[in-house]
Amino acid sequence: MELLYKRTKTIQEDKVSGFCPGCMHSTVIKLIGEVLEELDVVSRTACVLGIGCCGLHMDYMAYDNITAPHGRACAVATGIKRTNPDTLVYTYQGDGDFASIGLAESVSAANRGENISVIFINNGIYGMTGGQMAPTTLLGMKASTAPFGRKAEEHGYPMHMCEILDRLEAPAYLVRTSCNNPANVMKTKNAIKKAFQNQLDGKGFSMVEIVTGCPTNWGMDALASLDYIEEKMLKEFPLGVIRDR
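Per this note's numbering, the very first residue in the sequence shown carries number 668; after that it's consecutive.
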């Protein structure tokens, strides 16, 4: 029988996904692994993990990885890349890690044009730590720290990280994708591959922002979260290439 599809070797053989149904972390992890295999760079790849659900990635990876202090993934990745320039270095971070506590490190790395790749998971909320409001939480969206919903006059507006980094001179590639349907899954894979290829070509800083769901903290099932992404999240965070040099 012809083999049409197989499990990527970048995920440990004895592991099955322990992520909540519908959160899409497992999908993104699979896509990253497939891209690394297709580029034939698994043996010289290092992942710097953020804190929270992103950090759970370590339980599944069959290649080099390290967990950074909360928010410092881009700083750690910078150190690894500068001392090991032949290594493909990418960070895997959530909205709290990348856009809140790590905002200074994230913006500074982008502003310097560090030759690293960032995979930024935007589900609009802090996942593993209890559903607190994140920088990307939508107006009106409820969170454990905003039980009546996010209010602009009290909490400010959702932060659009692709657009914020687009104000800087150095970044080479900024794109926003999703995994809410098969077509977007394939677009996300292509975006990840381009971000990694940019690094191999020495083009500098690339970021792939992936709009995903968090059904557990959104208080809905996996199917309903897909509708929420389409009807709410993508209106606030429209998909597409923001910059491609």
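Every residue gets a Cβ at the ideal spot worked out from N, C-alpha and C, and that includes glycine.
Item: Residue from Glu-705, Asn-790, Val-756 and Pro-736 whose Cα sits closest to the Cα of Ser-845; Value: Asn-790
Item: Distance between Val-695 and Leu-867 (C-alpha atoms, nearest Å); Value: 20 Å
Item: Close-in-space but distant-in-sequence residues of the same chain around Thr-712 (CB under 8 Å, 5 per side omitted); Value: Leu-703, Tyr-730, Asp-731, Thr-754, Leu-755, Val-756 and Tyr-757
Item: Opening and closing residue of the beta strand (DSSP E) in which Phe-815 lies; Value: Phe-815 -> no beta strand (DSSP E), and no H or E assigned at all.
Item: Spatially closest choice to Val-842 from Asn-865, Pro-849 and Glu-821, by CA coordinates; Value: Asn-865
Item: Nearest residue (CA-CA) to Glu-772, options Pro-752, Ala-735, Met-800 and Gly-807; Value: Ala-735
Item: Ala-889: first and last residue of the uninterrupted alpha helix (DSSP H) it sits in; Value: 889–895
Item: 4 or more residues per run - each alpha helix (DSSP H) lying fully within the region 813–863; Value: 819–822 and 828–832
Item: Of the listed residues Ala-777, Pro-882 and Gly-689, nearest to Thr-745 (C-alpha basis); Value: Ala-777
Item: Under the three-state DSSP convention, the category Asn-789 falls into; Value: strand
Item: Nearest-angstrom beta carbon gap, Tyr-793 and Gly-763 [assumed within contact, 8 Å]; Value: 5 Å
Item: Where the beta strand (DSSP E) through Asn-732 begins and ends; Value: 732–734
Item: Cys-729 (DSSP reduced to helix, strand or coil); Value: According to the sequence shown, residue 729 is Ala rather than Cys. Note: Ala-729 maps to coil in three-state DSSP.
Item: DSSP three-state assignment for Thr-758, whether helix, strand or coil; Value: strand
Item: Backbone secondary structure at Arg-749 - three-state DSSP; Value: helix
Item: Nearest neighbour of Glu-821, chosen from His-827, Met-828, Thr-812 and Cys-829 [CA to CA]; Value: Thr-812
Item: Nearest neighbour of Ser-767, chosen from Thr-803, Val-715, Ile-877 and Lys-870 [CA to CA]; Value: Thr-803
Item: Per-residue burial, Pro-838 [other beta carbons within 10 Å of its own, 16 or more giving buried]; Value: buried
Item: Residue environment, Gln-679, which counts as buried when at least 16 other CB atoms sit within 10 Å; Value: exposed
Item: Assigned secondary structure, Asp-911 (DSSP; H/G/I helix, E/B strand, else coil); Value: strand
Item: Where Ser-784 sits in the DSSP three-state scheme; Value: strand
Item: Check whether Phe-863 and Leu-706 have beta carbons under 9 Å apart; Value: yes
Item: Which listed residue (Gly-685, Met-691 and Ser-684) has its alpha carbon closest to that of Ile-896; Value: Met-691
Item: Start and end residues, alpha helix (DSSP H) containing Glu-701; Value: 692–706
Item: Given Lys-860 as reference, the closest of Met-795, Met-874 and Pro-849 once Cα atoms are compared; Value: Met-874
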